[in-house]
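Taken in sequence, the protein lines are chains A and B. Per the working numbering, the first sequence starts with residue 985, numbered consecutively. Per the working numbering, the second sequence starts with residue 985, numbered consecutively. Where is the CB? At the ideal position from N, CA and C, for every residue including glycine. The structure displayed is predicted, hence computed values, not measured ones.
Protein chains: 2
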Amino acid sequence: MKVSAQEEYGLRCLLQLAPLGEGEYLTLTQIAEREGISTANAGKLLWILNKAGLVSSIRGTKGGYRLARAADEIHLDEIIKVLDEDVLASHCNSYTGILDACVHTGNCGIRPVIVGLHDVVRRAMAGITLAQLLGTESNVETTLHQINSMSRETAHRRA
Amino acid sequence: MKVSAQEEYGLRCLLQLAPLGEGEYLTLTQIAEREGISTANAGKLLWILNKAGLVSSIRGTKGGYRLARAADEIHLDEIIKVLDEDVLASHCNSYTGILDACVHTGNCGIRPVIVGLHDVVRRAMAGITLAQLLGTESNVETTLHQINSMSRETAHRRA
DNA sequence: TCTAATCTTGACTAAAAAGTAAGGTATCCG
DNA sequence: CGGATACCTTACTTTTTAGTCAAGATTAGA
């Protein structure tokens, strides 16, 4: 189970754009340089984000990229979905749409796990915005800590 | 973000072995046939599981595989870790061990997300055993439903 | 209008994951 | 003891994903 390179760098690019002020833009070269990836690669990622409406771009000299919406209105689950189809894919669902048709129809014991984990991950991500990832006294950690202590309670209750 | 084919099929193989009684074994051919994968591929997976001590095998005719421990003593997080290094990998941690050295030391905004999600996923998985995946009236769903409603609460509280 | 800066797009190359094949070794049974 | 069955191990092929390159298209400003 892993997050793809595309997801990771795509998210990083958005984080660069998040602190920009009104009318400010970052060029592809600037973004790529800061991330240590090629401009070609960064261009591809930003094109995906642009197409999905997460960033907007201006062409020509003095052009560049910026967020299409406020940083506190962009949630992690949407970002991941844009960069990689869905927040959690498997053979179970990736080929055939959304967890329906499957070779093991009927006796597939792992379906509930995939579905359940998918939901756990999606909820955790839906609770985090780009804006939250910026602060130095990261309130992300408190958010995730809350979720963690919740599942710890759950595990305890079952035992 | 996705679960690899190796994780998915490895887990499925274990689920086949779980309901076996004392002294019963399944052969590679049987396992592969039921999953619709080649015996070569199944052999590879079971070898990994064997090496990790999750299944035990007997060679020669009348041989085969069975679980090395009781099904209710094998947890999902251990299985995934065995099949794929860790429950959740990213460029952040996969190369360099465990979330320490990173190109973006200092100003890496996504580190807390990776760490947090890793923990959420691991806890969710640690709360589920192979045995739980067998029942027809799957109590996995209740377990996961509890975790889900927990994170829903959390999201609500923050808002 | 010309030019330089910048985004856009598709084809190409390289790396990683998944899957396959084949020879080796242990066990049973006649 | 010898053949048949089934696990063990390494090396290879295919497929998928990631990353690069280069030419085209668009805009701002002189």
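- Residue contact check for residue 996 of chain A against chain B: a CB pair falls below 9 Å.
- Take the alpha-carbon of residue 1001 of chain B and the one of residue 1051 of chain B: they are about 6 Å apart.
- Bounds of the beta strand (DSSP E) holding residue 1048 of chain A are 1048-1051.
- When the alpha-carbon of residue 992 of chain B is set against those of B/1008, B/1073, B/1019, B/1009, the nearest one is in B/1019.
- No Cβ of chain B is located within less than 9 Å of the beta carbon of residue 1017 of chain A.
- In the assembly as shown, residue 1022 of chain B is an exposed residue. Its beta-carbon has fewer than 16 other beta-carbons within 10 Å.
- Nearest CB-CB separation between residue 1032 of chain A and chain B: not below the 9 Å threshold.
- For residue 986 of chain A, the number of other beta carbons within 10 angstroms of its own is at least 16, and it is reported as buried.
- With its beta carbon less than 9 Å from one in chain A, residue 991 of chain B belongs to the interface.
- Taking C-beta atoms as the reference points, residue 1010 of chain A and residue 1048 of chain A count as a pair closer than 9 Å.
- Against chain A, the beta carbon of residue 1074 of chain B has neighbours under 7 Å at 986, 987, 992, listed in chain order.
- Residues of chain A whose Cβ lies closer than 7 Å to the Cβ of residue 1071 of chain B are, in chain order, 985.
- Per DSSP, reduced to three states, the secondary structure at residue 1064 of chain A is helical.
- Proximity of chain A to residue 1068 of chain B at the Cβ level (cut-off 7 Å) is accounted for by 985, in chain order.
- The residues 1066, in chain order, have a CB closer than 6 Å to that of residue 1036 of chain A in the same chain once the five nearest residues on each side in sequence are set aside.
- In the displayed model, residue 1115 of chain A falls within a helix according to three-state DSSP.
- Proximity of the stretch 1094-1104 of chain A to the stretch 1025-1032 of chain A falls short of the contact definition, fewer than three beta-carbon pairs being nearer than 8 Å.
- In the same chain as residue 1118 of chain B, and ignoring 5 residues on each side of it, the C-beta atoms closer than 8 Å to its own belong to 999, 1002, 1003, 1055, in chain order.
- For residue 1058 of chain A, no alpha helix (DSSP H) segment is defined, and its DSSP state is neither H nor E.
- No Cβ of chain B is located within less than 9 Å of the beta carbon of residue 1058 of chain A.
- Under a 10 Å Cβ-count criterion, residue 1044 of chain A is classified as exposed, with fewer than 16 other Cβ atoms of the shown protein chains found around its own Cβ.
- Residue burial annotation: residue 1111 of chain A is buried, with at least 16 other C-beta atoms found within 10 angstroms of its C-beta.
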